[in-house]
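When the count follows our numbering, it moves up by one through the sequence shown with no breaks and lands on 316 for the last residue.
The beta carbon of each residue, even a glycine, is placed where N, CA and C say it ideally should be.
Just below is one structure, and these are the notes that go with it.
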Amino acid sequence: MDIGFVIVSAVTLACVYGTLAIGLSITWSSLGLVNMAYGVTFAAAGYGAWLVAEQLQAIEALADMTLVVGPVVILAGIVTGAICGLIVCAIAFIPIHDKPNFTVRGLIASLALSLIGTQLLLQIFGPRAKNLPPLFGDWELPLGNVVVTADKGGAMVTSVVMLALALRWMRSSRRGLEIRAMMMNPHAASLVGIGVRRTGFYVMALTGGLAGLASVLLSQTYFISPFSGLTPLIKGLSVALLGGLGSVGGAIAAAILLGVNEALTSALLGGQYVLITQFLLIILVLLVRPRGIAGILDKAREA
């Protein structure tokens with residue numbers, strides 16, 4: 014077993030899955046919505062990035078300029094994901110957020126959007142998988158016995174930087190502070206004048222953008238298809254559940270734990286056993302800590 018390869022793979026997966034899980038945790042803790050449309054947002058963002066990449070590669074002067082193409086393609090994925098998040102908010106949150114049993118209604122509405130969106134992507138782009146061009150060049154960075162390739166190194170750095178910027182925005186900007194207030198206590202936040210609907214759009218745009226970022230970072234290594242968001246949705250929900258829904262810190266810790274689990278399982282047993290060991294690990298942790306590693310239980314939300 015190549016320990017260096019396992020370490021690099023584990024860190025890369027932790028960064029990408031942590032990005033997805035943090036988005037799901039923020040959505041749940043602030044809006045009370047289990048966003049089952051996160052998978053189709055992931056897939057749509059991948060297609061948005063692919064369309065932009067195709068246009069840029071058609072321009073001869075830009076075809077080989079990775080420093081230009083890469084950031085633009087990443088930005089396209091983030092913007093597409095944010096737009097999809099706004100659409101989900103307008104359909105699956107705004108009309109029903111103040112209705113009885115919103116948690117169940119929102120889950121069903123977002124699941125319906127996921128199914129409809131997947132079929133639309135299938136009709137528009139067809140079933141054949143698409144690939145993104147290399148976004149970070151073809152360099153390799155040897156660190157002792159570990160070799161960090163461009164796609165994995167770029168994914169790690171980009172995800173950490175973008176997450177840091179997003180969390181910094183949430184801590185320093187007015188809109189970000191409104192989101193944090195919603196995460197702490199949505200009812201108290203509404204009582205002091207924070208608009209639930211307006212904040213919902215900011216939340217869904219932010220989390221959709223995080224899904225778009227994760228989509229681009231994963232799609233450069235794997236592929237884009239109408240159903241490519243299913244596995245990331247499962248992984249993101251798994252990380253969020255293990256870390257504790259509503260906890261950003263817990264999502265980061267769980268992402269590291271499941272990233273190591275996936276890398277070790279793939280190296281020792283094979284990729285087909287990853288989901289089995291992943292859910293066994295989640296069950297073991299939840300038996301000890303039913304709320305997850307750092308979960309919070311919002312009594313106001315329960316009421």
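Could you check what DSSP says for residue i in three-state terms: helix, strand or coil?
i: Leu154; result: strand
i: Ile237; result: strand
i: Lys248; result: helix
i: Lys143; result: strand
i: Leu258; result: coil
i: Gly225; result: helix
i: His348; result: In this structure the chain extends from 14 to 316, so residue 348 is not present and cannot be described.
i: Leu297; result: helix
i: Ala122; result: helix
i: Leu178; result: helix
i: Ser185; result: helix
i: Val205; result: coil
i: Ala316; result: Bear in mind that a pLDDT of 40 at Ala316, under 50, signals an unreliable position, so the number given afterwards is only what the model happens to contain. Three-state result, Ala316: coil.
i: Pro84; result: helix
i: Gly305; result: coil
i: Lys112; result: coil
i: Asn274; result: helix
i: Leu282; result: coil
i: Val47; result: coil
i: Leu310; result: Residue confidence for Leu310 is low, a pLDDT of 42 falling below 50, so the modelled location carries little weight; the figure read from the coordinates is stated next. In this structure, Leu310 counts as coil in the three-state DSSP scheme.
i: Phe214; result: helix
i: Ile129; result: helix
i: Ile107; result: coil
i: Gly242; result: coil
Determine the extent of the beta strand (DSSP E) in which residue i is found, giving its start and end residues.
i: Thr162; result: 159-162
Thinking C-alpha only, which one of the options is nearest residue i?
i: Ala179; options: Ala168, Ala218, Val65; result: Ala218
i: Ile16; options: Val53, Val298, Ala280, Ile296; result: Ala280
i: Pro155; options: Lys248, Ala125, Phe18; result: Phe18
i: Thr25; options: Arg181, Gly221, Ala168, Trp63; result: Ala168
i: Ser22; options: Gly242, Gly284, Ala201; result: Gly284
i: Thr32; options: Gly157, Ala266, Val301; result: Ala266
i: Val229; options: Lys165, Gly257, Met195; result: Lys165
i: Val261; options: Cys28, Tyr30, Ala27, Ile39; result: Ile39
i: Leu231; options: Ala163, Gly189, Met195; result: Ala163
i: Leu145; options: Gln70, Val273, Leu223; result: Gln70
i: Gly222; options: Gly36, Ala122, Arg184; result: Gly36
i: Ser172; options: Ala194, Ala227, Val216, Arg193; result: Ala227
i: Arg317; options: Gly259, Cys102, Met197; result: With the chain covering 14 to 316 only, the question about residue 317 has no answer from this structure.
i: Phe240; options: Gly61, Ile91, Gln132, Leu120; result: Gln132
i: Pro147; options: Cys28, Ser42, Leu80; result: Leu80
i: Phe214; options: Thr290, Pro108, Glu275, Gly59; result: Pro108
i: Val82; options: Phe149, Ile121, Leu128; result: Phe149
i: Ala307; options: Gly249, Leu282, His200, Leu254; result: Leu254
i: Trp41; options: Leu190, Met196, Ala105, Asp111; result: Met196
i: Val27; options: Val216, Val273, Ser186; result: Position check: residue 27 holds Ala in this sequence, whereas Val was assumed. Of Val216, Val273, Ser186, the residue nearest in Cα terms is Val273.
i: Ile137; options: Ala57, Ser123, Leu176; result: Ala57
i: Val287; options: Leu300, Arg141, Thr244; result: Thr244
i: Ser123; options: Pro140, Gly130, Gly225, Ala105; result: Ala105
i: Ala34; options: Ile121, Leu246, Leu293, Ser203; result: Leu246
i: Asn158; options: Arg302, Leu297, Ile20; result: Ile20
For the alpha helix (DSSP H) that residue i lies in, which residues bound it at each end?
i: Phe55; result: 51-70
i: Leu148; result: First-last for Leu148: undefined, no H or E at that position.
i: Tyr30; result: 16-44
Would you say residue i faces chain B, with C-beta separation under 8 Å as the test?
i: Phe18; result: Absent from the structure: chain B. Only one protein chain is present.
Exercise. Does the region 232-250 come close enough to the region 103-118 that 3 or more CB-CB pairs lie under 8 Å?
Worked result: Counting Cβ pairs under 8 Å, fewer than three are found: no touch.
Exercise. Does the region 44-57 touch the region 97-105, meaning 3 or more C-beta pairs lie closer than 8 Å?
Worked result: Here the region 97-105 makes contact with the region 44-57; the two share three or more CB pairs at distances below 8 Å.
For this session: Kindly confirm or deny that the region 79-90 and the region 59-67 touch, where touching means at least three C-beta pairs closer than 8 Å.
Result: Contact holds between the region 79-90 and the region 59-67, because three or more Cβ pairs, one in each stretch, are under 8 Å apart.
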